[in-house]
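Residue numbers (our numbering): 2 to 262.
Below is the structure:
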């Protein structure tokens, strides 16, 4: 769950920054550099990484191929374009990383073998914006993935993440704008044929020059064997279209069933 939450943090920070730039007439005062993921798979170092032997290398390659096959592609999103890659995690995100680790727990981090994200695809203009991306994390075992799903569904996670995102946004230079508290809702979208699913919605409001601008970030995901597949959608000032979100979630689900992690 660490990689999806890092990506969610990146989405929130970049979204607030973009709205501030638009509200200031494109002056560029608000900037944010952070890593929202890339199409290339990333191997986590330490206990969760493959051993480097023939077996470990084979498992890593298999996980990487699965992630590439499942993740969203440009052809899945006509009318959207790939956003520029941001390759650096922000200073505030690094400083607040311990707070995020408290929420997601250390066991899931150690169990992550390979993480790979799609590009972020977006459409819109000025303050009106929508974006979508996906993430695949393959744990060393299906049992570890199931354990992480259980922790995501646990009641304490939502409150903990809201606290983390509130701290993160409060640390940004908002140039006089105000960000309301982040609220969180959870659910379980239908995902037949998997080990279970989860859904999280984060909502916040930015007040800029007396104008209230709501943000919506959804994470829909499921666990299939050792793999956790997540869909991220963002919308401002309206939610990402529900029908399209459902369509893309179903697409990820079909691909995950058609391949083995």
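We put the CB at the ideal spot given by N, CA and C, even for glycine. Given the structure is predicted, the values throughout are model-derived calculations rather than measurements.
Candidates 180, 187 and 67: closest to residue 13 by CA position: Position 12 of the chain shown, counted from the start, is the residue given in the question as residue 13. With distances taken between Cα atoms, residue 13 lies closest to 180.
Proximal residues to residue 70 (C-beta, below 7 Å), its chain only, five neighbours per side dropped: Residue 70 sits at position 69 when you count from the first residue of the chain shown. These residues qualify, in order along the chain: 256 and 260.
Residue range of the alpha helix (DSSP H) that includes residue 262: Here residue 262 corresponds to residue number 261 of the chain shown, with the count starting at 1. Going by DSSP, residue 262 is part of no alpha helix (DSSP H) at all; its letter is neither H nor E.
Buried or exposed by the 16-neighbour rule on C-beta atoms within 10 Å, applied to residue 212: On the chain shown, residue 212 is found 211 positions in, with the first residue counted as 1. Classification for residue 212: exposed.
Proximity below 8 Å, CB of residue 131 to CB of residue 235: The sequence position of residue 131 within the chain shown is 130, counting from 1. The sequence position of residue 235 within the chain shown is 234, counting from 1. Cβ distance < 8 Å, so residue 131 and residue 235 count as in contact.
Buried versus exposed call for residue 136 [16 or more other C-beta atoms within 10 Å across all chains shown]: On the chain shown, residue 136 is found 135 positions in, with the first residue counted as 1. Buried, because 16 or more other Cβ atoms sit within 10 Å of the Cβ of residue 136.
Test: residue 224 CB closer than 8 Å to a CB of chain C: The structure shown has no chain C; it contains just one protein chain.
Closest by C-alpha distance to residue 119, when choosing among 197, 84 and 101: Here residue 119 refers to the residue found at position 118 of the chain shown. Closest by alpha carbon: 84.
For residue 131: DSSP bridge partner residues: Taking the first residue of the chain shown as 1, we reach residue 131 at position 130. Answer is 124 and 236.
Best match in 216, 228, 222 and 251 for proximity to residue 241 [C-alpha to C-alpha]: Here residue 241 refers to the residue found at position 240 of the chain shown. Considering only alpha carbons, the answer is 216.
With 16 other Cβ atoms within 10 Å as the buried cut-off, status of residue 62: Along the chain shown, one-based indexing puts residue 62 at 61. Its Cβ having fewer than 16 others within 10 Å, residue 62 is exposed.
Backbone CA spacing between residue 174 and residue 230 [nearest angstrom]: Taking the first residue of the chain shown as position 1, residue 174 is located at position 173. Taking the first residue of the chain shown as position 1, residue 230 is located at position 229. Put simply, the backbone Cα of residue 174 is about 33 Å away from that of residue 230.
Rounded C-alpha distance that separates residue 205 from residue 184: By one-based count along the chain shown, residue 205 stands at place 204. By one-based count along the chain shown, residue 184 stands at place 183. Each residue's Cα considered, the two are about 7 Å apart.
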